[in-house]
């Protein structure tokens, strides 16, 4: 029963969807503050390569190495987030181009590849990958076992995170202020909210979550570093923010949908089901376009719309 | 706390800034890149010296750089044309692939036809295929207001998968049936191979000359025609465009088709000037589309400057290929390109703002 | 310690690139007074109040609150010092509820928002000051008047002792304005102080205890209301005496010779809600028809529908019997509809484009300015130079971007272009808003001259005085419907005021 196709797909949807969720949740925070981050792909790759490096170089008990890899990957992401915030908030550059610059700078043929090269990260697999757990020995329970009880620690962390993020955004004062900054920075400023600080903090959080998503790729999915291994996941994450209407819960559901699509090729191939692998590979990208078209119609846009100041720098003394 | 500096909007932009700032941006990028190199244990001056040598210092180097510069000039124009209207087409990569597919198709099919005819057909097919692919993005944006950044990027991945399918995973028309082991594309006929022109002893690919013409044409289009005027108004204020009765949707589609056509020409040139077959792997490794964005940004979206910058970045990229090895890690070129992009967006700030020192407000000494 | 002054500003200087907005301004506010800050648009009132609320930092000068020198680096500092401002363009988050807007930025509060406590406090405040509003309503659903109440409640909630109101009556009906004045009085009675920013002489005389007049970024003087007159104030404000009276027409209007006919038109707004319901109106040759109403009652949509910028969901529009295609600006332009939109700089003009490009914005397609789709640059430049001269536009050069021009000159560029197309109908939306007195006079006389020559003008404005002084006939719009059609002879201020507020036939609440 636990090998039935649906169960396997559900389990792997969660497995493959988790890094998309991390990156997309980062996007939710960043965009809620009014900053558009198109650098997610680059941030993920930089997080992934530094995480893999840490796994190879940090000695200690297994849990310590894994924790260090995760934190170092997140730190790398946070640094790029800081860079992005500096460009967009302080220098008020064009946010689109700044994000593209980060992706080109850190991306598949950029710094992440450079680091991999000089540190020889790709030479050997990651020694301490993030493994799937068997929670309370329930891993073999029919249906729910593989789906809910045999995921890795980061997946469980993501479930806590989605709750924390929702409460933060919609129940706390910080969340209220964050949303105000994204909707109307003039209002937030006039009411004594530090727009610059909110934008910096949440862009940095966004970067570190993208970095975490990257670590997931190099430590949990492949356990080896490959240049450009996220293959556009960062961009799908950006689209997921839109599908999720800037809400953590919906973003999680969207991430699992795309996780299912991403895993479909591997799953079906393993079962000798004959479908063109290329077609399956193209599916997530094509579906991204389709869903984007659906949610970008006027109606959806007005109803659950984007933060009103998204992508616009804030200048107090405009005249 | 208050920052020690503040930005003051410039009312007018001195003319020298428009070329001075890109130049400064380039220098700053190289300095930061040098610092990265030094930190990671490389000798920056040595690396730059070799880049210069292999990119620009000899006739052979320049020829190689021009070959790389040609597709970059096209993808740079592709980005510039769209960015100028505020449509962020980052699909140059995919549009170039599709253009290459179209051009190689006629190149293979028309073996034996007169040379000029084949070349023209390859150019036209490259343009048509690229334009069609770009129009998808344009139509979605114009009709449904769909974010063009993400759609154009997703189409890049899909185009890459299409290339893989055509060459590696099927027995398509483009695949060479004779190859054993690693599959490759079917070579186009001799007549589809574009001639090179010798200028000052340097052999210049036909595609590069076409790129110069295209740059000039785009410049004229945007500077002198009604269409260019309309694009400018849309970029400035979409509401003003609607107010003036400009057909914004149609213009978006047209610009995206033009943008795609230019990238498609780049693909045709890659087939005709350089590889003479549809090289699925080579095209995807080259990253012409993304690099084109760097080119356009550094050229500040000026079509003529784009050609010039393409040669510069082409040289850098070309040297990167040539030097690839333990002393010259892969990824360095991309890192440098990213740094150039950073410093050119940051440079735009200097164009728009003057940086002033913040003073504490002067207080009149009031004794009361 | 009680001080004789609540706020004292001395020698305030604030420069922006290209302008000195405040050039040594002095201002003093006593506790418990309503102090008006009077001046023309561009006199430096808003800049001064933005300095007082910590949004801008002065380049020079001194600020004392309750006799203590202070230096604000952000609005938070000002709020903590008890200074709050009701901005002309409200500082509200439209997607938030009233309560959420009110607690925004509350300092030193708990992490979680105690909704019940907030609502109770808001209700208490709104009862005390007669500022009725539902704390759970979303702000975007409120009328403009209600939104203003939220703005006031917001700063009261933060404990403001000094309230700054920037042109607060601009968005209100005369009745709402009277209610506001009552509220202000009750706040002053409690010892709060109010800075009332305005350029309208009558209301300043009605509400203020003292008046400080600004002109060209400098303080002209401070007077007691009791010892001055509107005439004196006007000459202080403008530097000469001004009298806005009803403009005399050279040619009578011919309302029966219809040039613009709007027949039972309905249309949606940007959010997809019905903004216009079965609107029918006509404008005759040489007639100026005023459309009065509080902002947000469908005026913007009405202008856009006629100018072809917005599709109509039912009904029809025709110019001299020729229908214009719904939502096609080009069709409207070709039928001779000229349009001066509310948002001049970003709708009526392409702000970063040059004066000459903007002069050609509507006729660049004609054979005079382009041939074979190629622009005739020389012709475009000649046209611009000619219009700049005829309409007395002050610009260094025809290639100067319009965003660098002053407000009055921006409007002149627009007028020049729109009139030069020899239109049959002109839609003018708030054509004088934000202009100084000289520019207002120019715009008004241009409108009247054009009407004398036979142009049909639909004048949409929230400024009732403007409508009454220019129109031949007045329409009143309320919630997307036309509720009255009055010849100018029977249109009196108070009746229109009631109609604007939605009372059925303009006699509703009148005793």
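Protein chains in written order, with the working numbering: chain A, 31 to 349; chain B, 300 to 667; chain C, 8 to 518.
Ideal Cβ positions, reconstructed from N, Cα and C, are used throughout, including at glycine.
Model, not experiment: these values are computed from the prediction.
Is residue 277 (chain A) close to chain B, meaning its C-beta is less than 9 angstroms from at least one C-beta of that chain?
-> no
Delimiting residues of the alpha helix (DSSP H) encompassing residue 455 (chain B) | 447 to 466
Look at the alpha carbon of residue 271 (chain A) and the alpha carbon of residue 411 (chain C), and state the distance between them as a whole number of angstroms.
-> In a straight line, the C-alpha of residue 271 (chain A) is about 38 angstroms away from that of residue 411 (chain C).
Helix, strand or coil: which one does DSSP assign to residue 251 (chain A)?
-> It is helical.
Anything in the region 329 to 362 of chain C with a Cβ closer than 9 angstroms to a Cβ of chain B? List those residues in chain order, please.
-> 335, 336, 337, 338, 339, 340, 341, 346, 348, 350, 352, 353, 354, 355, 356, 357, 358, 359, 360
Listing by chain order, which chain A residues have their CB less than 7 angstroms from the CB of residue 450 (chain B)?
-> Under the 7 angstroms cutoff, chain A gives 319, 322.
9 angstroms Cβ cutoff met for residue 281 (chain A) and residue 42 (chain A) = no
Cβ separation of residue 71 (chain A) and residue 260 (chain A), assumed to be a contact under 8 angstroms, to the nearest whole Å | Confirmed, about 6 angstroms.
Using the DSSP secondary-structure output, state which residues sit across from residue 76 (chain C) in a beta bridge.
-> Paired residues: C:71.
Report, in whole angstroms, the separation of the C-beta atoms of residue 406 (chain B) and residue 131 (chain A), which I expect to be a contact under 8 angstroms.
-> Contact flag wrong, Cβ pair sits at about 36 angstroms.
Taking a cut of 8 angstroms between CB atoms, which residues from the region 209 to 230 of chain A lie near chain B?
-> none
Give a yes or no on whether the minimum CB-CB distance between residue 621 (chain B) and chain C is below 9 angstroms.
-> no
Of all the options B:556, B:312, B:371, which has the alpha carbon lying nearest to the alpha carbon of residue 611 (chain B)?
-> B:371
State whether the region 216 to 236 of chain A contacts the region 303 to 314 of chain A, with contact taken as three or more CB pairs (one from each stretch) at a distance under 8 angstroms.
-> Under the three-pair Cβ rule at 8 angstroms, the region 216 to 236 of chain A does not count as touching the region 303 to 314 of chain A.
Count the other CB atoms within 10 Å of the CB of residue 96 (chain C); is the residue buried (16 or more) or exposed (fewer)?
-> exposed
Determine the closest residue to residue 392 (chain B) out of B:339, B:478, B:373, B:482, with distance taken between C-alpha atoms.
-> B:373
Of all the CB atoms in chain A, is at least one closer than 9 angstroms to the CB of residue 384 (chain B)?
-> no
Excluding sequence positions up to five away, which residues of its chain have a Cβ less than 6 angstroms from the Cβ of residue 225 (chain A)?
-> 211, 215, 218, 219, 344
Residue of C:247, C:414, C:456, C:452 minimising C-alpha distance to residue 441 (chain C) | For the residues C:247, C:414, C:456, C:452, the minimum Cα distance to residue 441 (chain C) belongs to C:414.
Positions along the region 434 to 467 of chain B whose CB lies within less than 7 angstroms of some CB in chain A = 439, 443, 444, 445, 446, 448, 449, 450, 452, 453, 456, 457, 460, 463, 464
Cβ-based burial, residue 666 (chain B) [other Cβ within 10 Å; buried from 16] = For residue 666 (chain B), the predicted structure reports a pLDDT of 36, less than 50, and the residue's modelled location is therefore unreliable. The matter cannot be settled from this model.
Can you grab the Cα-Cα spacing for the pair residue 549 (chain B) / residue 122 (chain A), in whole Å?
-> When rounded, the distance between both Cα atoms is 31 angstroms.
Give the DSSP-derived three-state secondary structure of residue 661 (chain B) in the structure shown.
-> Here residue 661 (chain B) scores only 46 on pLDDT, less than 50, and its place in the model is too uncertain to base an answer on.
Output, in sequence order along the chain, the residues in the region 94 to 110 of chain A whose CB is closer than 9 angstroms to any CB in chain C.
-> Within the region 94 to 110 of chain A, no residue qualifies.
Is the CB of residue 153 (chain A) under 9 angstroms away from at least one CB in chain B?
-> Under the Cβ criterion of 9 angstroms, residue 153 (chain A) is not counted among the residues facing chain B.
Within the region 150 to 222 of chain A, note down every full alpha helix (DSSP H) run reaching 4 residues or more, in order along the chain.
-> 183 to 201, 203 to 213, 215 to 220
Considering only C-alpha positions, which residue in the set A:301, A:299, A:274, A:300 is nearest to residue 288 (chain A)?
-> A:274
According to DSSP, is residue 60 (chain C) helix, strand or coil?
-> For residue 60 (chain C), the secondary structure class from DSSP, reduced to helix, strand or coil, is coil.
Going by Cα to Cα distance, which pick from A:319, A:34, A:326, A:321 is closest to residue 176 (chain A)?
-> A:34
Excluding sequence positions up to five away, which residues of its chain have a Cβ less than 7 angstroms from the Cβ of residue 332 (chain B)?
-> 634, 635, 638
Residue 322 (chain B) versus B:599, B:388, B:411, residue with shortest Cα-Cα distance | B:599
Rank B:649, B:653, B:326, B:566 by C-alpha distance to the C-alpha of residue 458 (chain B) and give the top, closest one.
-> B:566
In angstroms, rounded to a whole number, what distance separates the CA positions of residue 452 (chain C) and residue 256 (chain C)?
-> 10 angstroms
Helix, strand or coil at residue 435 (chain C) [DSSP, three-state] | strand
Please name the residue, chosen from B:410, B:427, B:434, that lies closest to residue 676 (chain B) on a Cα-to-Cα basis.
-> Residue 676 (chain B) is absent from the model: chain B starts at 300 and stops at 667.
Given residue 292 (chain C), which residues of its chain have a CB within under 7 angstroms of its CB, disregarding the five upstream and five downstream residues?
-> Counting only residues of its own chain and dropping the five nearest sequence neighbours on each side, residue 292 (chain C) has a CB closer than 7 angstroms to the CB of 261, 264, 266, 461, 463.
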